[in-house]
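Participant:
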Amino acid sequence: MEDNFLPSFVKRKGRITKYQIDNLKDIGKYRFNINDSLNKDFNRKVLEIGFGDGEHLIKIAEQDTDTLFIGSEVYQSGIGSVIGAVKSKSLKNVRIFDQDIRNLLINITKPYFDDVVIICPDPWQKARHHKRRLINNDFLELLANAIKQDGELFISTDWDNYAESINETLEQNARFSLNKNSKYNKEFLTKFQKRAITENRKISNFFFKKTI
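Everything in the sequence shown is counted per the UniProt record's numbering, starting at 1 for the first residue and increasing by one.
(1) Any Cβ of chain C within less than 9 Å of the Cβ of ASN103?
(2) Under 8 Å, with one C-beta from each stretch per pair, do the stretch 177–192 and the stretch 139–157 reach the 3-pair mark?
(3) ASN161 to SER37, Cα distance in whole Å?
(4) Whole angstroms is fine: what's the gap from LYS210's alpha carbon to ILE135's?
(5) Is SER37 near the ligand FMN, judged by its Cβ being under 8 Å from some heavy atom?
(6) By alpha-carbon positions, which one of ASN200, GLY54, LYS202, ASN23 ends up nearest to VAL117?
(7) Which partner residues of VAL94 appear in the DSSP bridge assignment?
(8) Cα separation between ASP64 and ILE21?
(9) To the nearest angstrom, how far is it from the Cα of THR190 to the Cα of ASP158?
(10) For ARG195, which of helix, strand or coil comes out of DSSP?
(11) Comparing C-alpha positions only, which one of PHE97, LEU104, LEU57, ASP98 sits nearest to GLY89?
(12) Assuming PHE69 and ILE83 make a contact with CB atoms under 8 Å, what is their CB distance in whole Å?
(13) Taking three-plus beta-carbon pairs below 8 Å as touching, is the stretch 96–105 in contact with the stretch 136–144?
(14) Could you name the residues that DSSP lists as bridge partners for THR157?
(15) Below 8 Å on the Cβ atoms is my guess for ILE147 versus PHE113; work out the distance and round it to an integer in Å.
(16) Where do the N-terminal and C-terminal ends of the beta strand (DSSP E) with GLU187 fall, by residue?
(17) SER72 and ILE49 look like a contact to me (Cβ under 8 Å); what is the Cβ gap, rounded to whole Å?
(18) State the start and end residues of the unbroken alpha helix (DSSP H) segment that holds ASP138.
(19) What is the DSSP secondary structure of VAL74, reduced to helix, strand or coil?
(20) Using 10 angstroms around the beta-carbon of TYR75, count the other beta-carbons present and answer buried if the total reaches 16, otherwise exposed.
(21) Quick one: what's got a C-beta closer than 7 Å to ILE197's C-beta in the same chain, skipping five residues either side?
(22) With burial defined as no fewer than 16 other Cβ atoms inside 10 Å of the residue's Cβ, what is the status of GLN193: buried or exposed?
In C-alpha cells, the structure reads:
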C-alpha cells in the first residue's frame with residue numbers, strides 16, 4: 001500500500017557516473033523486501049533513512065556484520081555508489097529501499113527495527129517549505145510503530161531552525177524519551193557534516209529511544 005505523502009525530497013536529475021549507472025543494474029539483488037527469508041539470518045535490523053553517498057551506512061555495516069542494515073535513499077547516484085561499495089567489500093548485510101521511506105513504514109504492522117538513524121535530512125530552509133520536512137508528528141508515529149521497544153532513534157541535522165523543530169517535536173511525543181546512553185553518541189562525522197562545520201553550521205544530534 002502507498003499513500004500520497006507530501007514529498008520530503010525533490011527528484012532531481014543530478015550528476016551520475018558510469019560506475020554508478022553500471023551498479024544500478026544490480027539493484028534487484030540488493031532491494032529490501034520485508035518478507036525476504038534473508039532477514040531471519042540477522043538478530044538485529046537497523047534502518048538508515050537518506051543515506052546519501054552511503055559513507056555512514058557502509059562503515060557501520062562493515063563494523064557490525066551480524067546486523068542487517070537497510071538503507072533508504074531515492075537518489076540514483078547514491079544508490080549506485082552503495083551497491084558498488086557493497087560488492088567491492090563483499091558485504092552480505094546491506095539492503096536498499098529506493099522509495100519514499102513512508103511507503104515502507106505504513107506497511108509495517110508490528111515493531112521491526114532495532115534502531116533508526118537519520119543523518120542530515122533535507123532542511124527545506126524556506127519557511128513556506130517547512131511543511132515538507134520529514135521529521136514531524138505524523139512521521140514520528142510511523143517510526144514509533146516500526147521501532148522495537150527501547151530501540152534507538154538517532155537524528156542529526158546541521159540547520160539550527162530544523163534542530164529546534166526536531167527537538168520540540170520529539171519532546172512533545174510521549175512514545176520517545178531522551179536516551180543518555182546512546183551507542184550513537186560517538187559517531188564519526190561524515191564528509192557532509194564536516195563540510196557543514198567548515199561552513200560554520202552547528203551539528204545538532206538527538207538521541208532518543210522508543211518507550212511506548
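The beta carbon of each residue, even a glycine, is placed where N, CA and C say it ideally should be. It should be emphasised that the depicted structure is a prediction, and the values quoted were computed from it without experimental measurement.
Facilitator: On the basis of the coordinates in this document:
(1) Among the protein chains of the structure shown there is no chain C, as only one such chain exists.
(2) yes
(3) 42 Å
(4) 15 Å
(5) No copy of the ligand FMN occurs in the structure displayed, which carries no ligand at all.
(6) The option with the nearest alpha carbon to VAL117 is GLY54.
(7) PHE69
(8) 28 Å
(9) About 12 Å.
(10) helix
(11) Before going further, note that residue 89 is Lys rather than Gly in the sequence given. Nearest C-alpha to LYS89: LEU57.
(12) With 8 Å as the limit, PHE69 and ILE83 do not qualify as a contact, their Cβ atoms being about 13 Å apart.
(13) The stretch 96–105 vs the stretch 136–144: in contact.
(14) SER204
(15) 5 Å
(16) GLU187 -> no beta strand (DSSP E), and no H or E assigned at all.
(17) At roughly 5 Å, the Cβ-Cβ gap stays under 8 Å, so SER72 and ILE49 are in contact.
(18) Per DSSP, ASP138 is one residue of the alpha helix (DSSP H) stretching across 137–146.
(19) coil
(20) buried
(21) ILE203
(22) buried
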